[in-house]
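A.B. asks:
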Amino acid sequence: MPNTEKKIENLKKANEESHSLIVDSLKSALYELLETKDINEIKVVDLTKKAGVSRGGFYRNYYLVTDVLADDIKMIAEDVRRTQGKDIEKNWEIILDTVYLHRKKIPLLLKAGMGFEILDQINQSLNDVKEENRLRITAWNGIVFNCIILWAKQGFKTSPKQLAAKMTEVTLNFF
Numbered sequence: 057m058p059n060t061e062k063k064i065e066n067l068k069k070a071n072e073e074s075h076s077l078i079v080d081s082l083k084s085a086l087y088e089l090l091e092t093k094d095i096n097e098i099k100v101v102d103l104t105k106k107a108g109v110s111r112g113g114f115y116r117n118y119y120l121v122t123d124v125l126a127d128d129i130k131m132i133a134e135d136v137r138r139t140q141g142k143d144i145e146k147n148w149e150i151i152l153d154t155v156y157l158h159r160k161k162i163p164l165l166l167k168a169g170m171g172f173e174i175l176d177q178i179n180q181s182l183n184d185v186k187e188e189n190r191l192r193i194t195a196w197n198g199i200v201f202n203c204i205i206l207w208a209k210q211g212f213k214t215s216p217k218q219l220a221a222k223m224t225e226v227t228l229n230f231f
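Count along the sequence shown from 1, then add 56; that gives the number in our numbering.
(1) With distances taken Cα to Cα, identify the nearest neighbour of His75 among Leu152, Tyr118 and Gln180.
(2) Identify whether Lys161 lies in helix, strand or coil by the three-state DSSP scheme.
(3) Since I believe Thr154 is in contact with Ile132 (beta carbons under 8 Å), could you give me their beta-carbon distance rounded to a whole number of angstroms?
(4) Under 8 Å, with one C-beta from each stretch per pair, do the region 86-93 and the region 157-167 reach the 3-pair mark?
(5) Skipping 5 residues on each side, what residues in its chain have a beta carbon closer than 7 Å to that of Val124?
(6) Distance, Cα to Cα, Trp207 vs Thr214?
(7) Tell me whether the beta-carbon of Ala107 lies closer than 8 Å to the beta-carbon of Leu152.
(8) Among Glu97, Thr194, Ile78 and Ile95, which one has its Cα closest to the Cα of Gly112?
(9) Quick one: which unbroken beta strand (DSSP E) runs of 3-plus residues sit fully inside the region 66-145? Chain order, please.
(10) Where does the unbroken alpha helix (DSSP H) through Asp176 begin, and where does it stop?
Pasting the structure below:
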């Protein structure tokens, strides 16, 4: 590989790492701020100061403060969608284990009014569904969404394994 190509490859890698560091710092800082402030009270300057990121770094990645949360919701939903299959019990285990990993974020997302964004990301699975299955999948997505919301409101007191068993029973009888 010629020297110039290697430099370009290294520059791209450095840019990707920088982007990832900025995004992770902004997400962490925003969740910290949400613990004590309402989303409407958090300004870009507050967020960038807390994250140790320049305003330019913020605006290269996001337009609004809520875009940081929307980006995180999208990543969580993609993790869940990638691992789902036809086994309802296994799906519940995967979904609830993934949500449980983010149990500190979910209440803050709801506090920030991002419930509809969570549902919208769950419904992204409809893009890959045949028309005749859309109603069934929409019902499934609604059940998943409402289970997550109720579980969050209860403080995630039930373990993912226990809740997966209960939800499997409910949904097997439902479908």
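Just so you know, even glycine gets a beta-carbon here, dropped at the ideal spot from N, CA and C. As the structure is a prediction and not an experimental result, all values here were calculated from the model.
C.D. replies: Let me spell this out:
(1) Tyr118
(2) helix
(3) 7 Å
(4) yes
(5) Leu82, Lys83, Leu86 and Tyr118
(6) 8 Å
(7) no
(8) Ile78
(9) none
(10) Gly171 to Ile178
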